[in-house]
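Have a look at the structure below before the remarks.
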Amino acid sequence: MTISRRSFCKKSLLIAGGLVIPLSALELFDPKRLLAEKNDGNKTRWVFLVDTHKCVGCGFCVKACKIENDIPYDANVTRTWVERYVITKDGKTHIDSPKGARDGFPTSSIDIGHGKMEQIRDEEIDKAFFVPKLCNQCDNPPCVQVCPVGATYQTADGVVLVDREWCIGCGYCIMGCPYGVRFFHPVHHVAEKCNFCYHRITKGMQTACVDSCAFGARRIGNLKDPDDPVTKVIMTERVNVLKEEYGTKPQVFYLGLTKEVK
Amino acid sequence: MKSHVWRPLYVVLVIIALVLVAREVLVPDDFGIGERGYMYGWHRPSNEQQWKDVKVKYRTAEYCKECHREKYDEIKTSPHANINCENCHGPALGHPDDPKTLDTDRSRELCARCHFRLEYAASGRGKIRGIDPKTHNPGLDCVICHWPHDPRKEGHKQ
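Residue numbers (my numbering), protein chains in the order written: chain A, 11 to 272; chain D, 38 to 195.
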């Protein structure tokens, strides 16, 4: 059989066109998609407020979080943790968080890893304080964006959740989070993270860490409610967020941050 | 025209059909775009309910108060008023049905979480009265001398 150039071009275009039709059948137009990208009319947007002046580093929040959320108690992973910052007169910043501060800070020495401790005398300290960390439930969550299977997602009220049945454990989200809040759950073998105790806040309760904080250093609130005391603080006081330059729009607000806090 | 020209097309069509069938079988019915849009909303909405159904373990002092009113009133009028029952007594989840599940921590280490003196003036820790556990009655439980529900009172005498 001979085939002319014209007919070859015609037939290849026909085949290419024929291939495109079933491919387009993979995705039908969904009006919900357009609607979803419009401004939401939700009444709730969960946000968190941390007052670093008030935190004393007792670690009750970490203990409560691990028990409440079934994170193996002795495994070195935790949904929330407390960091200690000790800034000395020589300009150095010492940071530690032994066991995520699950047992508080049982010594004045700084844990510098590999079982070594660094002793710092009280006279050398310029300032020292504690900073609780947890998931920032970002408005632009990079961890959600990188999930290849749709196992992690953001709910209408702003909380980022992980679908344990759908997660394949690829770990992209763990690498994608600039705040390092994600880890592998040692039992379920899926990505795990703080979800603002979604089972508590949706029942009108506070998160376990907020309930266990004796000093009011941690508070949760609804940003869409102008009368919420947390919203009032965020709107009227000098609050800051972590790693703003990443453009993730984090929704955990801090009072009393300094430039040393990363 | 000979069939070997069309054969690749059939193969591709069969592959696409297989992918569509597999997709129909594997993807949950409710999987789709949620309220947070195309970029952040892909999920299985029934999973939200699964997270909401997680059991609450820390039931807060309001729950303890229902039976232990006198203990509640004692601590809430003491300098320890800000501490919740479950911080020291453990989560109330199985209580009172299964008393063993209440895991009360009476250790020195528990008290030291706040009362181990750290000279951190920039944080609330520096304002808490504290001791050095190495020199302050080592080996003894704090609750022998200090009553945790009201630290102004004397503790358990053995």
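In this text, a Cβ means the ideal position worked out from N, Cα and C, and glycines have one as well.
Computed from a predicted model, the values in this text were never measured in an experiment.
Exercise. Exposed or buried, what is CYS19 (chain A) when buried is set at 16 or more other beta-carbons lying within 10 Å of its beta-carbon?
Worked result: As a working mapping, residue 19 (chain A) is identified with position 9 in the first sequence. Label assigned to CYS19 (chain A): exposed.
For this session: Can you check DSSP and say which residues form a bridge with GLY69 (chain D)?
Result: Taking the second sequence and counting its residues from 1, the one referred to as residue 69 (chain D) is at position 32. D:HIS80, per the DSSP bridge assignment.
Exercise. From HIS126 (chain D) to CYS75 (chain A), what distance separates their C-alpha atoms?
Worked result: Residue 126 (chain D) sits at position 89 when you count from the first residue of the second sequence. Residue 75 (chain A) sits at position 65 when you count from the first residue of the first sequence. Between HIS126 (chain D) and CYS75 (chain A), the C-alpha separation is close to 15 Å.
Exercise. Helix or strand or just coil, what does DSSP make of TRP43 (chain D)?
Worked result: As a first step, residue 43 (chain D) must be located in the second sequence, where it is residue number 6. Judged by DSSP in its simplified three-state form, TRP43 (chain D) adopts helix.
Exercise. For TYR75 (chain D), does the three-state DSSP call read helix, strand or coil?
Worked result: Locating residue 75 (chain D) in the second sequence gives position 38, where the first residue counts as 1. Helix.
Exercise. Taking C-alpha atoms, which residue in A:SER107, A:THR98 and A:ASP167 lies nearest to VAL87 (chain A)?
Worked result: Here residue 87 (chain A) refers to the residue found at position 77 when the first sequence is read from its first residue. Ranking the options by Cα distance to VAL87 (chain A), first place goes to A:SER107.
Exercise. How would you list, in chain order, the residues of chain D whose beta-carbon sits under 9 Å from the beta-carbon of TRP176 (chain A)?
Worked result: Residue numbering aside, residue 176 (chain A) sits at position 166 when the first sequence is read from its first letter. Near TRP176 (chain A) (Cβ distances below 9 Å), the residues of chain D are PRO65, PHE68, HIS80, ARG81 and ASN84.
Exercise. Checking contacts by CB at 7 Å: is SER119 (chain A) closer than that to chain D?
Worked result: In the first sequence, the residue the question calls residue 119 (chain A) occupies position 109. So, not an interface residue.
Exercise. From this set, A:PRO142, A:GLY190 and A:PRO82, which residue's C-alpha is nearest TYR95 (chain A)'s C-alpha?
Worked result: Locating residue 95 (chain A) in the first sequence gives position 85, where the first residue counts as 1. Per the Cα distances, A:PRO142.
Problem set entry | Chain-ordered neighbours of ASN205 (chain A) on chain D, where CB pairs are closer than 7 Å | The sequence position of residue 205 (chain A) within the first sequence is 195, counting from 1. Here the neighbours are TRP88.
For this session: Under 8 Å Cβ to Cβ from GLU123 (chain D), same chain only, skipping five residues before and after it: list those, please.
Result: Along the second sequence, read from residue 1 onward, the residue named residue 123 (chain D) stands at position 86. Hits under 8 Å: TYR95, ARG96, THR97, ALA98, CYS101 and ALA129.
Problem set entry | DSSP three-state assignment for GLU85 (chain D), whether helix, strand or coil | On the second sequence, residue 85 (chain D) is found 48 positions in, with the first residue counted as 1. Correct three-state label for GLU85 (chain D): helix.
For this session: Tell whether a beta-carbon distance below 7 Å holds between ASP132 (chain A) and GLU156 (chain D).
Result: For the purposes of this step, residue 132 (chain A) is identified with residue 122 of the first sequence, where counting begins at 1. For the purposes of this step, residue 156 (chain D) is identified with residue 119 of the second sequence, where counting begins at 1. Yes, Cβ-Cβ distance for ASP132 (chain A) and GLU156 (chain D) is below 7 Å.
Exercise. Roughly how far, in whole angstroms, is the beta-carbon of SER160 (chain D) from the beta-carbon of VAL66 (chain A), given that I think they are within contact range, below 8 Å?
Worked result: Stepping through the second sequence from its first residue, residue 160 (chain D) is reached at position 123. Stepping through the first sequence from its first residue, residue 66 (chain A) is reached at position 56. That pair is a contact at about 6 Å.
Problem set entry | Endpoints, beta strand (DSSP E) assigned at PRO142 (chain A) | On the first sequence, position 132 is the one that residue 142 (chain A) refers to. Taken as a continuous stretch (DSSP letters only), the beta strand (DSSP E) holding PRO142 (chain A) covers 135-143.
Exercise. What are the residues of the stretch 238-254 of chain A that lie near chain D, defined by any Cβ-Cβ distance shorter than 7 Å?
Worked result: none
Exercise. Would the stretch 263-271 of chain A and the stretch 239-251 of chain A be scored as touching if the rule is three or more Cβ pairs under 8 Å?
Worked result: yes
Problem set entry | Integer Cβ distance of LYS253 (chain A) from TYR182 (chain A), believed to fall under 8 Å | Stepping through the first sequence from its first residue, residue 253 (chain A) is reached at position 243. Stepping through the first sequence from its first residue, residue 182 (chain A) is reached at position 172. No, LYS253 (chain A) and TYR182 (chain A) are not in contact; Cβ-Cβ is about 19 Å, not under 8 Å.
For this session: Have a look at A:GLN261, A:GLN147, A:CYS223 and A:THR165 and flag the residue whose alpha-carbon is nearest the alpha-carbon of GLN87 (chain D).
Result: As a working note, residue 87 (chain D) is residue 50 in the second sequence. The option with the nearest alpha carbon to GLN87 (chain D) is A:THR165.
For this session: Starting from ALA59 (chain D), find everything on chain A with Cβ-Cβ shorter than 9 Å and list it in chain order.
Result: Sequence index remark: in the second sequence, residue 59 (chain D) carries index 22 (1-based). Listed along chain A, no residue sits closer than 9 Å to ALA59 (chain D) by beta-carbon distance, the nearest being about 12 Å off.
Problem set entry | Start and end residues, alpha helix (DSSP H) containing VAL72 (chain A) | Counting from one through the first sequence, the residue named residue 72 (chain A) turns up at place 62. Note, VAL72 (chain A): alpha helix (DSSP H), 70-78.
For this session: Measure from the C-beta of LYS64 (chain A) to each C-beta in chain D and report whether the shortest distance is under 7 Å.
Result: In the first sequence, residue 64 (chain A) corresponds to position 54, counting from 1. Yes, because at least one Cβ of chain D sits closer than 7 Å to the Cβ of LYS64 (chain A).
For this session: Would you identify the three-state DSSP class for GLY238 (chain A), choosing helix, strand or coil?
Result: For the purposes of this step, residue 238 (chain A) is taken as the residue at position 228 of the first sequence. One detail in the question is off: residue 238 (chain A) reads as Asp in this sequence, not Gly. Three-state result, ASP238 (chain A): coil.
For this session: Starting from ASN119 (chain D), find everything on chain C with Cβ-Cβ shorter than 7 Å and list it in chain order.
Result: The chain labelled as chain C is not found among the protein chains of the depicted structure, namely A and D.
Exercise. Is ILE105 (chain A) close to chain D, meaning its C-beta is less than 7 Å from at least one C-beta of that chain?
Worked result: Translated into the one-based positions of the first sequence, residue 105 (chain A) becomes position 95. Cβ-Cβ to chain D under 7 Å: no for ILE105 (chain A).
For this session: Starting from the N-terminal side, write out each stretch of the beta strand (DSSP E) that is 3 residues or longer and does not extend beyond the stretch 162-231 of chain A.
Result: 162-164 and 170-172
Problem set entry | C-beta atoms of VAL154 (chain A) and THR162 (chain A) nearer than 7 Å | Locating residue 154 (chain A) in the first sequence gives position 144, counting from the first residue. Locating residue 162 (chain A) in the first sequence gives position 152, counting from the first residue. Yes, the pair counts as a contact, with Cβ atoms nearer than the cut-off.
Exercise. What span of residues does the alpha helix (DSSP H) with ILE112 (chain D) cover, start to end?
Worked result: Taking the second sequence and counting its residues from 1, one reaches residue 112 (chain D) at position 75. 106-113 is the extent of the alpha helix (DSSP H) around ILE112 (chain D).
For this session: Let me know the secondary structure DSSP gives ILE13 (chain A) once reduced to three states.
Result: As a working note, residue 13 (chain A) is residue 3 in the first sequence. Reduced to three states, the DSSP call for ILE13 (chain A) is coil.
For this session: Return yes when the Cβ of ALA218 (chain A) is within less than 7 Å of the Cβ of GLU78 (chain A), no when it is not.
Result: Working through the first sequence from its first residue, we reach residue 78 (chain A) at position 68. Working through the first sequence from its first residue, we reach residue 218 (chain A) at position 208. Contact: yes.
Exercise. With distances taken from CA atoms, which of A:GLY125, A:ALA85, A:ASN146 and A:VAL92 is nearest ASN205 (chain A)?
Worked result: Here residue 205 (chain A) refers to the residue found at position 195 when the first sequence is read from its first residue. Answer by Cα proximity: A:ASN146.
Exercise. Who are the Cβ neighbours of VAL197 (chain A) in its own chain at under 7 Å, not counting the five residues just before and after it?
Worked result: As a first step, residue 197 (chain A) is located in the first sequence; it is residue number 187 there, counting from the start. Counting only Cβ-Cβ distances below 7 Å, and skipping sequence neighbours, we find PRO82.
Problem set entry | Coarse secondary structure for VAL92 (chain A), derived from DSSP in three states | Translated into the one-based positions of the first sequence, residue 92 (chain A) becomes position 82. If DSSP states are grouped into helix, strand and coil, VAL92 (chain A) belongs with the strands.
For this session: Measuring only between beta-carbons, confirm whether GLN195 (chain D) sits less than 7 Å from chain A.
Result: Within the second sequence, residue 195 (chain D) is the residue found at index 158, counting from 1. Low per-residue confidence applies at GLN195 (chain D): pLDDT is 49, beneath 50, and the placement is therefore not dependable, though the value from the model is reported in the following sentence. No - not a single Cβ of chain A is within 7 Å of the one on GLN195 (chain D).
Exercise. Quick one: is the Cβ of VAL262 (chain A) within less than 6 Å of any heavy atom of the ligand ATP?
Worked result: Questions concerning the ligand ATP fall outside what the structure shown contains, since it holds no ligand whatsoever.
Problem set entry | ALA129 (chain D) at chain A interface by Cβ criterion, 7 Å | In the second sequence, residue 129 (chain D) corresponds to position 92, counting from 1. No, no contact with chain A.
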